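Visitor: The structure under discussion is supplied below as C-alpha cells; questions concerning it will follow.
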Amino acid sequence: MGMIAIPAAFALAGAGLGSLVGIAGIGAAIGWSIGSYIASRIYKPELEPQTIEMGKMTREVSLMDSSYGRPIPIIYGTFRVGGNIIWAADIQEHVTEEEQEVQVGRGKAAQTYVQTTRHYWYTCSFAVALCKGPIYGIRRIWADGKLIYNVSATATDDELAQSEKLAEQMDIYLGTEDQQPNPLMESYLGTGNVPAYRGLAYVVFHDFLLSDYGNRIPNFSFEVVTNGHALGTSQIVPDPIPISSIIDDICEKAGLESEYVDTSTLDDEVQGFLVTETSARDALEVLCSAFILDGVESDGKVKFVKRGSDPVVTLNEDDLGACAEGQESQVLSITRRYELALPQKVEVRYIDVDRDFQENAQRTLRYATSSKNSVIVDLPLAMTATQARRVSEVLMYNMWMSRTIYEFTTTYKHLALDPGDVIEVIHDGDSHRMRIVSTDIGYPGLIRIRAMAEDAAIYDAISEGYGGEYQPPQISPVAVPDTELFLIDVATINDNESGPGFYVAGGGGEKWRGGALYRSIDGGTTYSYFSPIVQGVVGYTLNALPPGITTTWDEANYVDVQLICGSLQSVSELAVLNWANLAVIADELVQFQDAELIGENTYRLRRLLRGRKGTEWAVGNHSVGDRFVLISRTVFREMEVSEIGLARWYKAVSFGQLIDDAEEHIWTYFATNLRPLSPVHIWAERDEYDNIYINWTRRTRVGGEWRDEVDVPLGEEREEYEVDILDADDNVVRTLWGITETWVEYSAEQQIEDFGSVQSQVKVRVYQISALVGRGFAGEATV
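Numbering (numbering that gives the first Met the number 0) for the sequence shown: 0 to 782.
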C-alpha cells in the first residue's frame with residue numbers, strides 16, 4: 000500500500016484523463032516521476048544510501064551540432080540553445096601579399112631578390128537552426144564561450160556598436176509562416192532549391208571571420224527570446240511568460256482542447272522553459288515540480304492548482320469508517336514511513352538566468368537525520384538561484400511531510416472532494432491536515448480516499464540562494480583600425496596599366512586585416528563595392544623633400560618617412576635601375592636605394608632618382624606631410640572615360656567595420672595617367688628672314704624603354720602638338736596649334752604682331768595632345 004501512496008502524492012488522480020488528452024498516461028502521471036522514484040527505489044527493502052536522479056536537463060541542446068533528425072526545441076520565454084547547422088558553404092581563403100626587396104651580400108657581390116610575405120585569413124557562410132518559431136529575437140550570441148553579440152538592456156554603447164556590425168553579417172529569421180528563402184543560400188544552391196524553413200527560427204551568417212577560432216566554425220550558443228519587447232531601436236528586453244499559457248499550449252499540442260483545461264487560478268510566471276525530445280507529460284511534470292502544482296481531473300476538465308490552500312472541509316469521526324454491510328469498519332489508517340528511506344539531500348539543477356543561462360545547482364540538506372539518500376532533480380527551467388533554492392527546500396520538506404499517509408472510507412456525501420483538495424480530519428481528539436491524492440469509488444455509496452500529511456507553511460520557503468561569484472562577460476573590444484586611404488592619380492607606370500584608371504593603396508597598422516573600397520555615384524546616398532585594398536607600404540613625410548636633379552642620382556637630398564604600415568629595405572643600384580623601390584611622394588614618382596631605419600616605423604631615404612615617369616613637373620612641389628606610397632603594394636583600378644573629371648564619394652572600409660563608420664572621401668579622377676609626357680630637348684633655329692623654327696623631342700607614356708635603332712611608340716591615337724608663345728610675364732600671346740610634327744615655324748610676321756618687333760629669343764611651352772584628355776604636361780624653354 001505504501002508503494003502506491005507515495006507516487007499519488009505527486010500525481011494526477013483519475014485514470015480517465017489520458018483518453019481526454021490523447022496521450023496515454025498523461026492523466027494520472029503528471030508529477031508521478033518524483034513519487035514513483037521515491038516509492039520504487041528509496042522505499043525498497045535494501046536500506047543502502049542511494050542517489051536518485053529525476054528529470055532531464057537536455058544538455059545536448061546547449062551544444063551546437065550538425066546532424067539530420069535532431070529534434071527542434073520549443074522555447075517558452077528566454078533560453079540559451081546551441082542550434083544545429085543546416086547549411087554551410089566551403090571555407091573561403093583570403094590572402095594579401097607583401098613584397099620587399101632584400102639585399103644579400105655587399106659591394107659587387109651583392110644580390111637582390113624579392114621576398115614575398117603572404118597573410119591568410121578564412122571566412123565561412125553558414126546557417127544555424129535554433130528552435131520552433133515564431134520568436135521575438137536573439138538577445139545574445141556566444142562563440143566558443145566568448146560573447147560576440149549583445150543587445151540586452153545592460154549592453155554598453157561599445158557592445159551595441161559591435162553587435163550592430165555583426166548584425167550586418169547575419170540574417171535572422173524569426174520562424175514565421177511567411178518567411179522567404181535566404182538569398183545567400185540561394186546564391187550557392189540555386190533559386191528554387193532552398194526551403195523557406197517556415198516555422199523554424201534560424202540564423203544565416205555571411206562570411207564569418209574564423210581567425211579567432213582556429214579557422215573553423217566555432218561552437219555557437221544563442222540566447223533566444225520568444226516573449227519580449229524593444230528598448231530603444233535595437234535592444235531586447237525579455238518578458239516572463241505566464242505559466243498558465245505554457246500549460247495551455249502544451250496540452251493543446253498534446254491534443255487536449257482548451258475547453259478541457261483549467262489554469263485560471265495560476266498566476267506564476269516563467270522566465271524560460273525548454274521543451275525538446277520529451278512527452279507532454281514530462282514537460283508538465285517539470286512545471287508541476289518547480290511551481291508546486293497539482294493537476295487533477297475534476298468536472299470533466301484537467302485543473303491545475305497551486306498547493307498550500309486552506310482546507311475545503313473538516314471531517315469528524317462521523318464522516319469516517321464507512322463500510323459495506325457485514326464488513327469491519329476502520330475509521331482512519333495512518334502509516335508512517337521509516338526515516339532511512341527519506342532523502343538527506345535534495346539537489347535541483349537548473350538554468351541560472353544570472354549566469355548567462357548556464358547550468359547551476361542549489362541544494363537543501365537535512366542534518367538531523369541518519370539517512371544518506373540524495374535526490375537530484377533536473378529542471379530545464381530558467382530561474383534565479385533563490386528560486387531554485389526554494390524549489391529544493393519545498394521538495395525536501397514535502398517529501399518528509401509526505402511520509403505520513405492516511406486512508407479512510409467515507410460516503411457519497413463527500414463526492415465533491417477532488418484530488419489536490421486539502422481537508423481537516425478530526426480523529427481521537429486530534430486534528431490532521433492532509434491533502435487528497437486519490438479517490439476511488441468502491442461499493443455503491445462508498446469512497447476510498449488516500450491522502451498525505453499537509454502543512455501550508457512548507458510552501459512558503461524564504462531561503463536565499465547563492466549562485467556563486469560570477470562576472471558577466473562583455474564583448475571584448477575589437478579595435479577595428481580605420482583604413483588610411485590613398486587614391487593616386489599619377490603618371491602611367493606600367494604599360495599594362497595605361498588605360499583610364501588610378502592606383503588604390505591603404506593600410507591600418509599592425510591589427511589591420513584588410514579592407515575594401517566602396518564608391519558612391521549618387522552623392523554618398525548609397526555605396527557599392529569598388530576595389531580591394533591590400534596591405535600597402537604607406538605613410539607621410541616628416542620633412543619637405545627639396546627640389547633636386549632629375550637627370551642622374553640625387554645624392555644631395557633625403558626624405559624622412561613615417562610609415563603607417565609595412566617596412567622599407569635598401570636595395571642595390573642595379574635593382575633601382577630595374578624599377579625597385581618606386582614610390583609616389585606627393586605627386587612625384589621617386590626611387591630610392593638606401594632606406595635607413597632611424598626610429599619606430601621611420602626611415603630616411605637617400606640616393607634618389609627624381610621625377611620618374613615624366614613627373615619632373617612635381618619635383619618642386621613638396622611639403623611636410625606629403626603622402627608616401629610604395630607603388631609595388633597598390634591596386635590599379637580601371638575607370639570609364641566618361642568618369643574623368645566627375646567627383647565621386649569613396650569609403651575605405653576595414654574588415655569588421657560598418658560602411659557607415661568609415662570616413663567619406665570626395666575625390667575626382669582627372670586622368671593624370673592619360674596625359675602625354677612633356678616634350679624635351681626644345682631648341683630653335685632662325686633663318687635669314689628671322690623666322691624661328693622651334694624643335695623638340697617627344698616622349699611616350701607607354702613602351703618608353705630605350706631600345707637600339709627603334710623609336711619609342713607614339714602612345715596616342717594620333718600625333719598632335721600645341722605651342723604657347725609667352726611674354727615676359729608668362730602670359731600667352733599666341734598658340735600655335737594643329738601641329739603634327741616635332742617642329743613648328745614662328746614667323747617674323749607673327750613675332751611683330753605679338754611683340755611689335757622681331758624677337759631675339761622667345762619663351763615657349765610645348766604640349767603633346769591626347770585625344771581623350773587634351774593637353775599633356777608642358778615642356779618649357781627659352782629659345
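The beta carbon of each residue, even a glycine, is placed where N, CA and C say it ideally should be. Values in this document were obtained by computation on a predicted structure and should not be read as measured data.
Ordered along the chain, which non-local residues of its own chain (more than five positions away) have a Cβ less than 7 angstroms from that of residue 310?
Guide: Residue 310 sits at position 311 when you count from the first residue of the sequence shown. So the qualifying residues of the chain are 421, 422, 423, 432.
Visitor: Does the structure place the stretch 77 to 86 close enough to the stretch 119 to 136 that three or more beta carbon pairs sit under 8 angstroms?
Guide: Verdict: yes, contact present.
Visitor: Are the stretch 544 to 554 and the stretch 499 to 512 in contact at 8 angstroms, needing three or more beta carbon pairs?
Guide: Too few Cβ pairs lie closer than 8 angstroms, so no.
Visitor: Does the stretch 619 to 630 touch the stretch 481 to 493, meaning 3 or more C-beta pairs lie closer than 8 angstroms?
Guide: Yes: at least three Cβ pairs fall under 8 angstroms.
Visitor: Are the stretch 251 to 269 and the stretch 161 to 177 touching, with three or more C-beta to C-beta distances below 8 angstroms?
Guide: Cβ pair count under 8 angstroms is below three, so no.
Visitor: Tell me the rounded alpha-carbon separation between residue 32 and residue 371.
Guide: In the sequence shown, the residue the question calls residue 32 occupies position 33. In the sequence shown, the residue the question calls residue 371 occupies position 372. Because the pLDDT at residue 32 is just 36, under 50, the model does not fix this residue reliably, and the value given afterwards should be weighed accordingly. Straight-line Cα distance between these residues: approximately 21 angstroms.
Visitor: Which residues in the same chain have their Cβ closer than 7 angstroms to the Cβ of residue 194, if we skip the five residues on either side of it in sequence?
Guide: The residue given as residue 194 occupies position 195 in the sequence shown. Around residue 194: 180.
Visitor: Would the stretch 676 to 694 and the stretch 533 to 546 be scored as touching if the rule is three or more Cβ pairs under 8 angstroms?
Guide: Touching, no, given that fewer than three Cβ pairs across the two stretches are closer than 8 angstroms.
Visitor: When you compare only the Cα positions, how much space is there between residue 526 and residue 131?
Guide: Taking the first residue of the sequence shown as 1, we reach residue 526 at position 527. Taking the first residue of the sequence shown as 1, we reach residue 131 at position 132. Cα to Cα, residue 526 sits roughly 37 angstroms from residue 131.
Visitor: Among 506, 634, 569, 512, which one has its Cα closest to the Cα of residue 530?
Guide: Residue numbering aside, residue 530 sits at position 531 when the sequence shown is read from its first letter. Ranking the options by Cα distance to residue 530, first place goes to 634.
Visitor: In terms of residue numbering, what span does the beta strand (DSSP E) encompassing residue 75 cover?
Guide: Position 76 of the sequence shown, counting from 1, holds the residue named residue 75. First-last of the beta strand (DSSP E) with residue 75: 73 to 80.
Visitor: Within a Cβ cutoff of 7 angstroms, which residues of the same chain sit near residue 703, ignoring the five residues on either side of it in sequence?
Guide: Within the sequence shown, numbered from 1, the residue matching residue 703 stands at position 704. Answer for residue 703: 711, listed in chain order.
Visitor: Where does residue 411 sit, in a helix, a strand or coil, going by DSSP?
Guide: Within the sequence shown, residue 411 is the residue found at index 412, counting from 1. Of the three classes helix, strand and coil, the one that applies to residue 411 here is helix, per DSSP.
Visitor: Give me whichever residues DSSP pairs with residue 553 in a beta bridge.
Guide: As a first step, residue 553 is located in the sequence shown; it is residue number 554 there, counting from the start. For residue 553, which the question treats as bridged, DSSP gives the partners 607.
Visitor: What is the DSSP secondary structure of residue 187, reduced to helix, strand or coil?
Guide: Position 188 of the sequence shown holds residue 187. In this structure, residue 187 counts as helix in the three-state DSSP scheme.
Visitor: Along the chain, where does the alpha helix (DSSP H) containing residue 734 start, and where does it finish?
Guide: Position 735 of the sequence shown, counting from 1, holds the residue named residue 734. Unbroken run through residue 734 is the beta strand (DSSP E), 731 to 738; no alpha helix (DSSP H).
Visitor: Do you know how far the Cα of residue 361 is from the Cα of residue 248?
Guide: The count along the sequence shown starts at 1 and reaches residue 248 at position 249. The count along the sequence shown starts at 1 and reaches residue 361 at position 362. Roughly 29 angstroms between the two C-alpha positions.
Visitor: Going by beta carbon distance, what residues of the same chain come within less than 8 angstroms of residue 227, once the five residues before and after it are set aside?
Guide: Counting from one through the sequence shown, the residue named residue 227 turns up at place 228. Taken in chain order, the residues that qualify are 77, 135, 136, 138, 235, 236, 237, 238.
Visitor: Taking 7 angstroms as the cut-off, decide whether the C-beta atoms of residue 569 and residue 543 are in contact.
Guide: Working through the sequence shown from its first residue, we reach residue 569 at position 570. Working through the sequence shown from its first residue, we reach residue 543 at position 544. Cβ distance not < 7 angstroms, so residue 569 and residue 543 don't count as in contact.
Visitor: At the level of alpha carbons, what is the spacing between residue 565 and residue 766?
Guide: By one-based count along the sequence shown, residue 565 stands at place 566. By one-based count along the sequence shown, residue 766 stands at place 767. If you take the alpha carbons of residue 565 and residue 766, they lie about 39 angstroms apart.
Visitor: How is the alpha helix (DSSP H) around residue 247 delimited, first residue to last?
Guide: The residue labelled residue 247 in the question sits at position 248 within the sequence shown. From DSSP, the alpha helix (DSSP H) with residue 247 extends over 242 to 252.
Visitor: Indicate the three-state DSSP secondary structure (helix, strand or coil) for residue 778 in the structure shown.
Guide: Residue numbering aside, residue 778 sits at position 779 when the sequence shown is read from its first letter. In the structure shown, residue 778 sits in a strand (DSSP, three-state: E or B).
Visitor: Quick one: using the 10 Å Cβ neighbour count with 16 as the cut-off for buried, is residue 359 buried or exposed?
Guide: Here residue 359 corresponds to residue number 360 of the sequence shown, with the count starting at 1. Residue 359 should be labelled buried.
Visitor: Could you spell out where the beta strand (DSSP E) holding residue 564 opens and where it closes?
Guide: Along the sequence shown, read from residue 1 onward, the residue named residue 564 stands at position 565. Residue 564 -> beta strand (DSSP E) spans 558 to 564.
Visitor: Please report the distance separating the alpha-carbon of residue 39 from that of residue 342.
Guide: Against the sequence shown, residue 39 aligns to sequence position 40. Against the sequence shown, residue 342 aligns to sequence position 343. Since pLDDT at residue 39 reaches only 40, below the 50 mark, its modelled position is unreliable, and no value is offered.
Visitor: In angstroms with no decimal places, state the Cα-to-Cα distance between residue 223 and residue 79.
Guide: Here residue 223 corresponds to residue number 224 of the sequence shown, with the count starting at 1. Here residue 79 corresponds to residue number 80 of the sequence shown, with the count starting at 1. Straight-line Cα distance between these residues: approximately 6 angstroms.
Visitor: Identify every run of the beta strand (DSSP E) within the stretch 590 to 651, keeping only runs that are complete inside it and at least 3 residues long; order them along the chain.
Guide: With a minimum length of 3 residues, the continuous beta strand (DSSP E) runs that stay inside the stretch 590 to 651 are 601 to 608, 626 to 629, 634 to 637.
Visitor: Assuming residue 788 and residue 75 make a contact with CB atoms under 8 angstroms, what is their CB distance in whole Å?
Guide: What is shown of the chain runs 0 to 782, which leaves residue 788 out entirely.
Visitor: Using a Cβ-Cβ cut-off of 7 angstroms (strictly less than) and excluding sequence neighbours within five positions of residue 545, which residues of its own chain qualify?
Guide: What you label residue 545 is simply residue 546 of the sequence shown in a count that begins at 1. Here the set comprises 556.
Visitor: Output the boundary residues of the alpha helix (DSSP H) element that contains residue 465.
Guide: The residue you call residue 465 lines up with position 466 of the sequence shown. Neither: residue 465 is in no alpha helix (DSSP H) and is coded neither H nor E.
Visitor: For residue 318, name the three-state secondary structure that DSSP assigns.
Guide: Your numbering for residue 318 matches position 319 in the sequence shown. If DSSP states are grouped into helix, strand and coil, residue 318 belongs with the helices.
Visitor: Could you give the distance in angstroms between the alpha-carbon of residue 119 and the alpha-carbon of residue 649?
Guide: Within the sequence shown, the letter at position 120 stands for residue 119. Within the sequence shown, the letter at position 650 stands for residue 649. Those two C-alpha atoms are separated by around 26 angstroms.
Visitor: Name the two residues that bound the continuous beta strand (DSSP E) containing residue 501.
Guide: Within the sequence shown, numbered from 1, the residue matching residue 501 stands at position 502. Segment 500 to 506, the beta strand (DSSP E) holding residue 501.
Visitor: Would residue 753 pass as a contact of residue 774 if the rule is Cβ separation under 7 angstroms?
Guide: In the sequence shown, the residue the question calls residue 753 occupies position 754. In the sequence shown, the residue the question calls residue 774 occupies position 775. No, Cβ-Cβ distance for residue 753 and residue 774 is not below 7 angstroms.
Visitor: Hey, how far is the Cα of residue 783 from the Cα of residue 757?
Guide: Shown here, the chain extends from 0 to 782; a query on residue 783 therefore has no answer.
Visitor: Say whether the stretch 456 to 475 touches the stretch 389 to 404, bearing in mind that this needs 3 or more beta-carbon pairs closer than 8 angstroms, one atom from each stretch.
Guide: Touching, yes.
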